[in-house]
Amino acid sequence: MNRVLVTGGAGFLGSHLCEKLLEQGNEVICLDNFFTGHKSNIAHLLQNPYFELIRHDVTAPFFAEVDQIYNLACPASPIHYQYNPIKTIKTSVMGSINMLGLAKRVKATILQASTSEVYGDPIVHPQMEEYWGNVNPIGIRSCYDEGKRCAETLFFDYHRQNQVKIKVVRIFNTYGPRMDRNDGRVISNFIVQALQNQEITIFGTGEQTRSFCYVDDLIDGLIKMMNSPEELCGPINMGNPGEFTMNQLAHLIIKMTGSKSKIVYHPLPEDDPMRRQPDISKAKSYLNWEPTTPLKEGLSRTIEYFKTIL
Ligand code: NAD
Ligand code: UDP
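Take 12 as the starting number for the sequence shown in this note's numbering and just add one per residue.
Now the structure itself:
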């Protein structure tokens with residue numbers, strides 16, 4: 012049995028990760044400041060004697076004897092990470108320093124939830140790990156993008172300088188049950204709007220693309236990466252290579268929900284990337300991992316979830 016620390020464990024991805032780690036027989040410490048996470052996401056785990064919930068902000072140091080650390084603490088949706096950009100960058104940078112310091116001290120393996128945003132608005136397509144990205148350092152998305160890039164730098168410097176065992180995963184848009192209905196990400200927005208027969212808000216022309224990975228697939232990938240041979244540090248892309256425009260996504264969700272919603276077009280937010288698709292050859296060859304849930308099936312499960320909470 013491993014003792015595993017999950018920062019951001021009460022969030023969307025974190026709650027699924029805690030659940031899966033417990034199922035696999037680990038002891039889990041979930042650390043969260045509840046900025047975007049909710050106790051309700053992990054309420055069903057609170058009775059489990061191997062689960063512990065601690066309210067803590069990762070910008071402050073934390074100590075616990077653990078074998079593995081998954082560092083997920085950071086708001087992930089543009090409206091939340093732009094709400095207090097200075098705090099967002101502190102969370103990525105100071106949070107990483109604190110968690111890497113802990114990993115160094117207790118000799119734990121630490122996995123960073125990095126992001127496709129490190130590629131910015133990519134001019135290489137699909138994005139492979141060798142691509143250094145096209146990121147605006149001073150725009151409204153920079154607090155998130157550059158915070159995550161600096162976190163990656165810290166991970167590799169702690170690895171080179173202090174031999175910390177690191178794993179860096181670049182996660183592409185992931186969706187599923189327990190996404191916050193108000194967090195403004197496209198899948199939760201469209202489903203909530205469609206189920207309530209409200210206008211579906213497409214930003215820009217709707218021709219920008221994203222690749223959407225179902226949460227269960229991603230969580231399997233994170234756990235595989237954490238338990239991979241020590242020399243595999245990453246960075247490694249994880250996501251579903253299926254690429255869709257926002258127009259296609261809106262029409263699919265309207266059809267699947269039988270909604271009467273009309274589509275309306277709003278201005279494209281600043282620095283919104285035009286295309287995004289992961290090259291997952293490395294995850295396939297090194298981890299034998301690839302997503303197995305088609306978009307329609309994942310959407311159908313997500314729609315069922317939102318029906319229960321709306
Ligand atoms: P989320 O907002 O649901 O979860 C983030 C969690 O971190 C929340 O529970 C929040 O309360 C907590 N948190 C934020 N700041 C904190 C702080 N200072 N101290 C302690 N806890 C803090 O988002 P998510 O989608 O579950 O994302 C989890 C991680 O995965 C994030 O690091 C995000 O950048 C990364 N990621 C997610 C996606 C995606 O599509 N979901 C894509 C790329 C990367
Ligand atoms: N988007 C949209 N309508 C919405 C929310 C988002 O058209 O109500 C667009 C957004 O402009 C972006 C894409 O959907 O082009 C994905 O946005 P999201 O915030 O989910 O993720 P990210 O931009 O971080 O990939």
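Heads up, the beta-carbon is just placed ideally off N, CA and C, and yes, glycines get one too.
Values in this document were obtained by computation on a predicted structure and should not be read as measured data.
message = Quick check on the DSSP output: the alpha helix (DSSP H) that includes Gln172 runs from which residue to which?
response = Following the DSSP letters along the chain, one finds Gln172 inside the alpha helix (DSSP H) bounded by residues Ser153 to Asn173.
request  = Please determine, among His170, Lys295, Ala84 and Pro284, the residue with the shortest C-alpha to C-alpha distance to Lys101.
outcome  = Nearest C-alpha to Lys101: Ala84.
request  = May I have all residues whose beta carbon comes closer than 7 Å to any heavy atom of the ligand UDP, sorted in chain order?
outcome  = This selection yields Ser88, Pro89, Glu128, Asn184, Gly195, Arg196, Val197, Ile198, Asn200, Phe201, Thr212, Ile213, Phe214, Gly215, Gly217, Gln219, Arg221, Met257, Leu279, Pro280, Asp283, Pro284 and Arg287.
task = On the DSSP bridge assignment, give the partners of Gly131 in chain order.
result = According to DSSP, Gly131 bridges with Asn145.
ask   = Is it true that the region 102-121 meets the region 20-39, where meeting means three or more beta-carbon pairs spaced less than 8 Å apart?
value = For the pair of segments examined, the region 102-121 was found not to touch the region 20-39: the number of CB pairs separated by less than 8 Å stays below three.
query = So Lys101 is in the alpha helix (DSSP H); what residue range does that whole segment cover?
reply = Element bounds for Lys101: Pro96 to Val117.
inquiry  = If you follow the alpha helix (DSSP H) that Leu64 is in, where does it begin and where does it stop?
reply    = First-last for Leu64: Phe62 to Arg66, but that is the beta strand (DSSP E), not the alpha helix (DSSP H).
task = Put Met249 into one of helix, strand or coil per three-state DSSP.
result = The DSSP-derived three-state label of Met249 is strand.
query = Based on the DSSP output, what are the partners of Pro289 in its beta bridges?
reply = Answer is Gln138.
key: CB contact flag (Leu205, Ile213, <8 Å)   = Reading off the sequence shown, one finds Ala at residue 205, where the question assumed Leu. Not in contact: Ala205 and Ile213 (Cβ atoms no closer than 8 Å).
task = Report the partner residues of Gln219 according to the DSSP bridge assignment.
result = Gln219 pairs with nothing; no bridge assigned.
ask   = Counting along the chain, where does the beta strand (DSSP E) carrying Gln79 start and finish?
value = In this chain, the beta strand (DSSP E) harbouring Gln79 covers Gln79 to Asn82.
task = Run the proximity test for Lys271: is its beta-carbon closer than 7 Å to any non-hydrogen atom belonging to the ligand FMN?
result = In terms of ligand content, the structure shown lacks the ligand FMN and carries the ligand NAD and the ligand UDP instead.
ask   = Between the beta-carbon of Arg192 and the beta-carbon of Val203, is there less than 8 Å?
value = Taking 8 Å as the Cβ cut-off, Arg192 and Val203 qualify as a contacting pair.
Endpoints, beta strand (DSSP E) assigned at Ala124 = Run containing Ala124: Thr120 to Thr126, per the beta strand (DSSP E) assignment.
query = Does the distance from the CB of Asp132 to the CB of Met285 come in under 8 Å?
reply = Met285 sits close to Asp132, with the two beta carbons spaced by under 8 Å.
message = On the DSSP letters alone, give me the boundaries of the alpha helix (DSSP H) that His49 sits inside.
response = DSSP places His49 in no alpha helix (DSSP H); its state is neither H nor E.
request  = Look at Gln123 and Asn82 and say whether their C-beta atoms are less than 8 Å apart.
outcome  = Taking 8 Å as the Cβ cut-off, Gln123 and Asn82 qualify as a contacting pair.
message = Can you confirm whether the region 228-238 touches the region 19-30 when touching is taken to mean that 3 or more C-beta pairs between the two stretches lie within less than 8 Å?
response = Segments in contact, yes.
key: Exposure of Asn208, with buried meaning 16 or more beta-carbon neighbours within 10 Å   = The residue is exposed, with fewer than 16 neighbouring Cβ atoms inside 10 Å.
query = Got a sec? Which residues, its chain only, sit under 8 Å from Lys273 by beta carbon, not counting five neighbours each side?
reply = Closer than 8 Å at the Cβ level, and outside the excluded window around Lys273, lie Glu210 and Ile211.
request  = Within the same chain, show all residues whose beta-carbon is closer than 7 Å to that of Phe46, passing over the 5 residues directly before and after it, in chain order.
outcome  = Exclusion of the five residues before and after Phe46 leaves Pro86 as the residues of its chain whose Cβ lies within less than 7 Å of its Cβ.
request  = Reducing DSSP to helix, strand and coil, say where Val180 ends up.
outcome  = Per DSSP, reduced to three states, the secondary structure at Val180 is strand.
request  = Return helix, strand or coil for Glu210, following the three-state DSSP convention.
outcome  = It is coil, neither helix nor strand.
Closest residue to Phe74 among Asn109, Trp143 and Glu157 (Cα-Cα distance) = Nearest Cα to Phe74 within the set Asn109, Trp143 and Glu157: Asn109.
key: Which listed residue (Glu34, Gly215, Glu76 and His49) has its alpha carbon closest to that of Arg14   = It is Glu76.
message = Excluding the 5 residues flanking Leu165 on each side, which residues of the same chain have their C-beta closer than 8 Å to its C-beta?
response = Closer than 8 Å at Cβ, skipping near neighbours: Val104, Ser107, Ile108 and Leu111.
task = Counting only the same chain and skipping the five closest in sequence on each side, list residues whose C-beta sits under 7 Å from that of His136.
result = So the list reads Arg286 and Gln288, once near-sequence residues are dropped.
key: Three-pair Cβ contact test at 8 Å for the region 47-58 versus the region 15-26   = Because the criterion of three Cβ pairs below 8 Å is met, the region 47-58 and the region 15-26 touch.
query = DSSP state of Val39, grouped into three classes?
reply = The answer is strand: DSSP assigns Val39 an E or B state.
Sequence-distant residues of its chain with Cβ nearer than 6 Å to Met139 (five each side left out) = A distance below 6 Å between beta-carbons, with the five flanking residues on each side excluded, links Met139 to the following residues of its chain, in chain order: Asp290.
request  = Just grab the DSSP bridge partners of Arg14 for me.
outcome  = Beta-bridge pairing links Arg14 to Glu38.
Nonlocal neighbours in the same chain, by C-beta distance under 7 Å from Gly48, ignoring five residues either side = Within the same chain, Gly48 has close Cβ partners Gly19, Ala21, Gly22 and Gly25.
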